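*Asks:* Mind looking over this structure? Questions follow.
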Amino acid sequence: MIYNLLYTYLFIAGSVFGSFYNVVGLRVPQKKSIITPGSHCVTCDRSLRWTELVPVWSWLLQGGKCKGCGTRIAILYPLIELTTAILFALSPLVVGWSKELPVALALVSLLMIVLVSDITYMIISDKVLLFFLPLFVLLRVLSPLEPWYNMIAGAALGFILLLLIAMISKGGMGGGDIKLMGVLGIVLGWKGVLMAFFLASLSGALIGMALMAAGIVKRREPIPFGPFLVLGALCSYFLYDELMSFYFSIMTFS
Ligand SMILES: [Zn+2]
């Protein structure tokens, strides 16, 4: 009973935090304050009332448009709110009500901010990474990987792996992606980093081809790799064991 309440609380908190991560992801790369001014429509500059700030719900009620000027509000924002809410509520189901829970919530937080700014500007902000780097180290000291130096190995592998690929592919990978993978390595450890990178490459190739086939992006047009790293990191962190046993079950049957 008390746990049902806690899951509900995490869901609601997640949607509110998700709403804040939209603001962080949109403003930090533009070097704007994340506190002032309050939320406003970027087209008509009207300040939003609290009824327009309820996560997901306001967007649905307003049909995805600004109440003042009717400008469409990207579906990305309610999706970030909803995804953060779901992942916050799912986290204790995977890692338990343990010392690992803050790690999971912090990881989801970084990944949601990265998603917003990489999709919007193709930028993964150093400021955001520099905020999460010491936080992850601290949380990993409190909730260590096995063995403890795995967080250092993960960070080094993530950074070096993407650096090498950036050098080989000459521009296929941004500096933000390289630094992001280094920071994620602290949370994921070296095996987790490898899986995240593998899943990111696989999903990036598949979705990239699908977008090209559908004519949404042109050949050679850059698509940000960050969102795929986000997807890869989430799957690697939350589903590592499931994905490994799935992989081995395919290997033994073929
Ligand atoms: Zn407006």
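The numbering of the sequence shown is the UniProt record's numbering, which starts it at 1 and goes up by one.
Just so you know, even glycine gets a beta-carbon here, dropped at the ideal spot from N, CA and C.
Note that the structure is predicted; figures quoted are calculated from it, not measured.
Write down the C-beta distance between V95 and A106 rounded to the nearest angstrom, noting that I regard them as a contact closer than 8 Å.
*Replies:* Taking the first residue of the sequence shown as 1, we reach residue 95 at position 95. Taking the first residue of the sequence shown as 1, we reach residue 106 at position 106. That pair is no contact at about 12 Å.
*Asks:* Taking Cβ positions, are Y7 and A89 nearer each other than 8 Å?
*Replies:* Position 7 of the sequence shown, counted from the first residue, corresponds to residue 7. Position 89 of the sequence shown, counted from the first residue, corresponds to residue 89. Yes, the pair counts as a contact, with Cβ atoms nearer than the cut-off.
*Asks:* When a residue counts only if its C-beta is closer than 7 Å to some heavy atom of ligand 1, which residues count, in chain order?
*Replies:* Result (chain order): C41, T43, C44, R46, C66, G68, C69, T71.
*Asks:* Return the Cβ separation of I34 and V24 in integer angstroms, given the expectation that the two are a contact with Cβ distance under 8 Å.
*Replies:* Here the question's residue 34 lines up with position 34 in the sequence shown. Here the question's residue 24 lines up with position 24 in the sequence shown. Yes, they are in contact, since the Cβ atoms of I34 and V24 sit about 5 Å apart, within 8 Å.
*Asks:* How close, in whole Å, do the beta carbons of L111 and V230 come, if the pair is a contact with beta carbons under 8 Å?
*Replies:* Position 111 of the sequence shown holds residue 111. Position 230 of the sequence shown holds residue 230. Going by Cβ atoms, the distance from L111 to V230 rounds to 5 Å, so yes, they are a contact pair.
*Asks:* Would I178 and L163 qualify as a contact pair, given that the criterion is a beta-carbon distance under 8 Å?
*Replies:* Walking along the sequence shown from the start, residue 178 turns up at place 178. Walking along the sequence shown from the start, residue 163 turns up at place 163. Contact: yes.
*Asks:* Hey, how far is the Cα of F136 from the Cα of I168?
*Replies:* Taking the first residue of the sequence shown as 1, we reach residue 136 at position 136. Taking the first residue of the sequence shown as 1, we reach residue 168 at position 168. Using only the alpha carbons, I get a separation of about 29 Å.
*Asks:* So, for L157: in the same chain, excluding its five sequence neighbours on each side, which residues have a beta-carbon less than 8 Å away from its beta-carbon?
*Replies:* The residue given as residue 157 occupies position 157 in the sequence shown. Excluding sequence neighbours, L157 sits near G185, W190, V193, L194.
*Asks:* Within 10 Å of its beta-carbon, does R220 have 16 or more other beta-carbons around it, so buried, or fewer, so exposed?
*Replies:* The count along the sequence shown starts at 1 and reaches residue 220 at position 220. Exposed.
*Asks:* Please state whether the Cβ-Cβ distance between L53 and H40 is less than 8 Å.
*Replies:* What you label residue 53 is simply residue 53 of the sequence shown in a count that begins at 1. What you label residue 40 is simply residue 40 of the sequence shown in a count that begins at 1. Inclusion of L53 and H40 in the CB contact set at 8 Å is not warranted, their separation being larger than that value.
*Asks:* Would you kindly check if the distance between the Cβ of P227 and the Cβ of Y121 is under 8 Å?
*Replies:* As a position in the sequence shown, residue 121 is number 121, starting the count at 1. As a position in the sequence shown, residue 227 is number 227, starting the count at 1. No. Outside cutoff.
*Asks:* Would you identify the three-state DSSP class for R72, choosing helix, strand or coil?
*Replies:* As a first step, residue 72 must be located in the sequence shown, where it is residue number 72. DSSP places R72 in strand when its eight states are reduced to three.
*Asks:* What does the alpha-carbon distance come out to for the pair T71 and P78?
*Replies:* Locating residue 71 in the sequence shown gives position 71, counting from the first residue. Locating residue 78 in the sequence shown gives position 78, counting from the first residue. Rounded to the nearest angstrom, the two C-alpha atoms are 15 Å apart.
*Asks:* Determine, using beta carbons only, whether W50 and I73 come nearer to each other than 8 Å.
*Replies:* As a working mapping, residue 50 is identified with position 50 in the sequence shown. As a working mapping, residue 73 is identified with position 73 in the sequence shown. It is not a contact, given that the beta carbons lie outside the stated cut-off.
*Asks:* Kindly indicate which three-state DSSP category K65 falls into: helix, strand or coil?
*Replies:* For the purposes of this step, residue 65 is taken as the residue at position 65 of the sequence shown. In the displayed model, K65 falls within a strand according to three-state DSSP.
*Asks:* Step through the CB atoms of chain C and report whether any lies within less than 8 Å of the CB of M151.
*Replies:* Here there is only one protein chain, and chain C is not present.
*Asks:* Considering only the alpha carbon of each residue, which of A13, L101, I113, S245 lies closest to P144?
*Replies:* For this step, residue 144 is matched to residue 144 along the sequence shown. Among A13, L101, I113, S245, the Cα nearest to that of P144 is on L101.
*Asks:* Using CA coordinates, which residue listed in V217, V187, I119, G175 is at the minimum distance from A155?
*Replies:* Along the sequence shown, read from residue 1 onward, the residue named residue 155 stands at position 155. With distances taken between Cα atoms, A155 lies closest to V187.
*Asks:* What number of angstroms, rounded off, separates the C-alpha of L26 from the C-alpha of L138?
*Replies:* Here the question's residue 26 lines up with position 26 in the sequence shown. Here the question's residue 138 lines up with position 138 in the sequence shown. Whole-angstrom Cα-Cα distance: 26 Å.
*Asks:* Going by DSSP, name the residue or residues bridged to S47.
*Replies:* Residue numbering aside, residue 47 sits at position 47 when the sequence shown is read from its first letter. Partner(s): H40.
*Asks:* For the alpha helix (DSSP H) containing K191, list its first residue and its last residue.
*Replies:* Reading the sequence shown from its first residue, position 191 is the one you call residue 191. 175 to 213 is the extent of the alpha helix (DSSP H) around K191.
*Asks:* If contacts are defined as beta-carbon pairs under 8 Å, then N150 and I80 qualify, I think. What distance do you get, rounded to the angstrom?
*Replies:* Walking along the sequence shown from the start, residue 150 turns up at place 150. Walking along the sequence shown from the start, residue 80 turns up at place 80. At roughly 30 Å, the Cβ-Cβ gap does not stay under 8 Å, so N150 and I80 are not in contact.
*Asks:* My assumption, with CB atoms under 8 Å, is that A196 sits in contact with A233. Please give the rounded CB distance.
*Replies:* Counted from its first residue, the sequence shown places residue 196 at position 196. Counted from its first residue, the sequence shown places residue 233 at position 233. Taking the Cβ atoms as the reference, A196 lies roughly 4 Å from A233, within the contact range of under 8 Å.
*Asks:* Report, in whole angstroms, the separation of the C-beta atoms of F198 and M181, which I expect to be a contact under 8 Å.
*Replies:* As a working note, residue 198 is residue 198 in the sequence shown. As a working note, residue 181 is residue 181 in the sequence shown. Not a contact, Cβ separation roughly 12 Å.
*Asks:* Since M151 is in the alpha helix (DSSP H), which residue starts that stretch and which ends it?
*Replies:* Position 151 of the sequence shown, counted from the first residue, corresponds to residue 151. 150 to 169 is the extent of the alpha helix (DSSP H) around M151.
*Asks:* Which word fits residue 292, buried or exposed, when buried means at least 16 other C-beta atoms lie within 10 angstroms of its C-beta?
*Replies:* There is simply no residue 292 to check, as the chain begins at 1 and stops at 254 in what is shown.
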